[in-house]
Every structure is written in C-alpha cells, then in structure tokens.
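Residue numbers for the sequence shown follow numbering that gives the first Met the number 0, so the first one is 0 and each next one is one higher. Quick reminder that beta carbons are idealized off the backbone N, C-alpha and C, glycines included.
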Amino acid sequence: MVRRFDRIRIYKDERLLEVDALFDTGSSESYLAERVAEKVGYERYEEPLKVPLAVESYDAEIIGYSTCFLEIAGYRLPTIKALGVIKGLRVDAIVGIDIIEPYEITLEKDRITYKRSPPGPYLF
Numbered sequence: 000m001v002r003r004f005d006r007i008r009i010y011k012d013e014r015l016l017e018v019d020a021l022f023d024t025g026s027s028e029s030y031l032a033e034r035v036a037e038k039v040g041y042e043r044y045e046e047p048l049k050v051p052l053a054v055e056s057y058d059a060e061i062i063g064y065s066t067c068f069l070e071i072a073g074y075r076l077p078t079i080k081a082l083g084v085i086k087g088l089r090v091d092a093i094v095g096i097d098i099i100e101p102y103e104i105t106l107e108k109d110r111i112t113y114k115r116s117p118p119g120p121y122l123f
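Right under this line is the structure:
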C-alpha cells in the first residue's frame, strides 16, 4: 500500500476548489470530506452507508456523493468522477485505486506523475 499527499483541483459546474488529497492505493474508491463537498455541492443519501474500517469497531459514514472533474498533477482528467462523501474525514480528499489505476498515476517519493501524459479516457 502506497500513500502520498498532494494538491488537487475539483471542478463542479462553475465552482473550483483546490484541496489537499491523500493518494491511497489501499482505498478502492475515492472520497471527499463533507466540509469540502458542501463547498462544491453534493447529493445526500436518504440514509448514510456504513463502511467498516481496518480498525476494529470503527465505521465510516458515506453520506452522499459528488460528481466532478478532477485536476491531478497539472492535468484535468477527461471524464467526470463520482466521489463518495464521508462524514468526519480527516483529510480533504482521498484519491483511491479507482482513479489511480485507470489513469496510470505513478506515486513517486517527491511527486505524482502519469505513465501517459496527458491522461486520456480509458475503456476496460
């Protein structure tokens, strides 16, 4: 599991927000903190979804989702992404393997790069 912090930009409608993101290959999905999602806008679930964490007796609450474009390492990704919104998330955003793998993002010691620049759309 590799973890790295960097700044990303979030674009939604006419809003732009730059935040600190944790790039985490141990996370299968990508998420925004509730406080960030409130600034860019999000859809709230009727009932929160509980997701068990690696620590015994702890769950995360996914309270909704936000669809937005992301700019990572100077490139705006070509497709819109749906990010879960987590209540009480300590970091502004988590970029998970759902974004890291298809765009071939490389997490180096001192920077984040792509195997292909600029990153393009993908099909699986």
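Asked: Spatially closest choice to L88 from Y102, A36 and G73, by CA coordinates; Found: A36
Asked: Every unbroken alpha helix (DSSP H) inside the segment 15-61 [4 residues or more]; Found: 33-39
Asked: Counted within 10 angstroms of its Cβ, other Cβ atoms place D23 as buried (16 or more) or exposed; Found: buried
Asked: Range of the contiguous beta strand (DSSP E) that encloses D5; Found: R2 to K11
Asked: Helix, strand or coil at I99 according to DSSP, with G and I counted as helix; Found: helix
Asked: Three-state secondary structure assigned by DSSP to E70; Found: strand
Asked: Euclidean distance between Cα positions of S148 and L48; Found: Outside the shown range of the chain, which is 0 to 123, sits residue 148, and nothing can be said about it.
Asked: Between the CA atoms of G40 and L15 - distance to the nearest angstrom; Found: 11 Å
Asked: DSSP-derived helix/strand/coil call for T78; Found: coil
Asked: Under the three-state DSSP convention, the category K86 falls into; Found: strand
Asked: C-beta atoms of R125 and E103 nearer than 7 Å; Found: There is simply no residue 125 to check, as the chain begins at 0 and stops at 123 in what is shown.
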